[in-house]
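Remarks on the structure that follows.
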Amino acid sequence: MSAAMPNSHFLDLKDLPSEVLRHILDTARAWKQARAGLPKGAVDAGAPLAGHTLAMIFEKSSTRTRISFEMAMQQLGGSSVVLQGGTMQLGRGETVADTARVMSRYVDAIMVRANSHDTILELAREGSVPVINALTDRSHPCQLIADMLTLEERFGDMAGRKVAWVGDGNNVATSFIEAAVRFGFSLTLACPDGYLPSEEALKWAKAEGGTIAVTNDPVSAVAEACAVVADCWVSMGDEDVDARMRALAPYQVTSEMMQEAADGAVFMHCLPAHRGEEVTAAVIDGPQSVVWDEAENRLHAQKAILAWCLGKI
Ligand code: CP
Ligand code: NVA
Numbered sequence: 000m001s002a003a004m005p006n007s008h009f010l011d012l013k014d015l016p017s018e019v020l021r022h023i024l025d026t027a028r029a030w031k032q033a034r035a036g037l038p039k040g041a042v043d044a045g046a047p048l049a050g051h052t053l054a055m056i057f058e059k060s061s062t063r064t065r066i067s068f069e070m071a072m073q074q075l076g077g078s079s080v081v082l083q084g085g086t087m088q089l090g091r092g093e094t095v096a097d098t099a100r101v102m103s104r105y106v107d108a109i110m111v112r113a114n115s116h117d118t119i120l121e122l123a124r125e126g127s128v129p130v131i132n133a134l135t136d137r138s139h140p141c142q143l144i145a146d147m148l149t150l151e152e153r154f155g156d157m158a159g160r161k162v163a164w165v166g167d168g169n170n171v172a173t174s175f176i177e178a179a180v181r182f183g184f185s186l187t188l189a190c191p192d193g194y195l196p197s198e199e200a201l202k203w204a205k206a207e208g209g210t211i212a213v214t215n216d217p218v219s220a221v222a223e224a225c226a227v228v229a230d231c232w233v234s235m236g237d238e239d240v241d242a243r244m245r246a247l248a249p250y251q252v253t254s255e256m257m258q259e260a261a262d263g264a265v266f267m268h269c270l271p272a273h274r275g276e277e278v279t280a281a282v283i284d285g286p287q288s289v290v291w292d293e294a295e296n297r298l299h300a301q302k303a304i305l306a307w308c309l310g311k312i
């Protein structure tokens, strides 16, 4: 076992108290505002992570996560190393534990996008630097800090508000459930049988006193919701493509469905999106969509996550 710093990992929202998540979110907002108008590669005042290096391991594809983490380290005055899991010795059988120990000697933090959540847990357990979950088969917590920033930019404090998740009860849905508990909003997930949200996450949310509902009916789910959230129907690693398309077809977010939500409701999607599947082009490219703000906010959210992991905030 390593002498990993306590509370220094960012593995899942459920592992962190609301106060820590609030602090990360407030920092993200403040730092976003503070650098408004600067060129994107300019370093933030004070270069909070000067001299620090982040290694990123990708076992799955990425556009937003990779670029936003790289730019985050650049803006914080640090540097980054990008590694494709398949080209590392990890892909040839070197153990996760040995990889964690070796990488901890070279870099200050490790970001991982892993096929299996167990990989992230083992890296965190066996390494001696902070580990950040950048999506696994279980969850996508970095996305939710960006999504919370986006929601609060529109609505302020989300406590007591309602959000609707429509579609597959997948990894992002699990992080939404955890966010609902930690930030005190109510979440209704409309998912078909066979693609329901994680029972483990729902059980945890219930024990924590969260207000989470699950239904098969998207129209009732979006009623009174200030945000309607969708994600792809086929996540990376999913193989039952045809069955998913059939089961999820009634869960497409349409303009008609958006009209059932609260006045001023927004549409959210972590991207990449598939127009004509989980959402129509009219919705994602229409006035209610906040998906580009959401994508931008990955950068600001992750800067605060990195700074927290490394003890700078
Ligand atoms: N939303 C998200 O994580 O996007 P990428 O898969 O492009 O990183
Ligand atoms: N649920 C999707 C999210 C992509 C960012 C996936 O895991 O592929």
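Following numbering that gives the first Met the number 0, the numbering of the sequence shown begins with 0 at its first residue and continues without gaps.
The C-beta atom is built at its ideal place from N, Cα and C for all residues, glycine as well.
Note that the structure is a prediction, hence the values are computed from the model and not measured.
- In the three-state DSSP reduction, residue 161 falls in the strand class (E or B).
- As a beta-bridge residue in DSSP terms, residue 268 pairs with 229.
- Proximity of the stretch 199-208 to the stretch 222-237 falls short of the contact definition, fewer than three beta-carbon pairs being nearer than 8 Å.
- A direct Cα-Cα distance of roughly 5 Å separates residue 47 from residue 75.
- For residue 190, the distance from the CB to the nearest heavy atom of the ligand CP is not below 7 Å.
- Set against 7 Å, the gap from the CB of residue 139 to the closest heavy atom of the ligand NVA is smaller.
- Under the DSSP assignment, residue 46 falls outside any alpha helix (DSSP H); it carries neither an H nor an E label.
- Residue pairing by DSSP places residue 87 opposite no residue, since no beta bridge is assigned to it.
- Residue 220 sits buried, since 16 or more C-beta atoms from the chains shown fall within 10 Å of its C-beta.
- Residue 290 is positioned such that its CB atom lies closer than 8 Å to that of residue 270.
- According to the DSSP secondary-structure assignment, residue 132 is paired through a beta bridge with 111.
- Linking residue 240 to residue 24 through their CA atoms gives a straight-line distance of about 36 Å.
- Buried is the label assigned to residue 250, since at least 16 other Cβ atoms lie within 10 Å of its Cβ.
- Collapsing the DSSP output to three states places residue 55 in a strand.
- The three-state reading of DSSP puts residue 80 in strand, counting E and B together.
- Only buried fits residue 301, as 16 or more other CB atoms lie within 10 angstroms of its CB.
- In this structure, 268 is the residue among 20, 268, 118 and 64 with its C-alpha nearest to the C-alpha of residue 167.
- Within the same chain, 149 and 152 come within 8 Å of residue 292 by CB-CB distance, once the 5 residues on both sides are set aside.
- Rounded to the nearest whole angstrom, the C-alpha separation of residue 112 and residue 90 is 14 Å.
- DSSP, reduced to helix, strand and coil, places residue 214 within a strand of the structure shown.
- In the DSSP assignment, residue 185 falls within the beta strand (DSSP E) that extends over 185-189.
- Following the DSSP letters along the chain, one finds residue 235 in no alpha helix (DSSP H), marked with neither H nor E.
- Shown here, residue 180 sits in a helix according to DSSP, grouped into three states.
- Minimum Cα-Cα distance from residue 158 among the listed residues 141, 135 and 186 corresponds to 186.
- For the ligand CP, a non-hydrogen atom lies closer than 7 Å to the CB of residue 64.
- A straight line joining the alpha-carbon of residue 247 with that of residue 162 spans about 19 Å.
- The straight-line gap separating the alpha-carbon atoms of residue 28 and residue 64 is approximately 18 Å.
- Apart from the 5 residues on each side of it in sequence, residue 214 sits with its Cβ closer than 6 Å to the Cβ of 189 and 220 in its chain, given in chain order.
- Judged by DSSP in its simplified three-state form, residue 137 adopts coil rather than helix or strand.
- By the Cβ neighbour-count rule, residue 13 is buried, with 16 or more other Cβ atoms within 10 Å of its own.
- Contact between residue 7 and residue 140 fails: their C-beta atoms lie close to 15 Å from each other, not under 8 Å.
- Excluding sequence positions up to five before and after residue 253, its CB lies within less than 7 Å of the CB of 279 and 282, all in the same chain and listed in chain order.
- Excluding five sequence positions before and after residue 72, the CB atoms of its chain that fall closer than 8 Å to its own CB belong to 48, 51, 52, 53, 78, 79 and 305, given in chain order.
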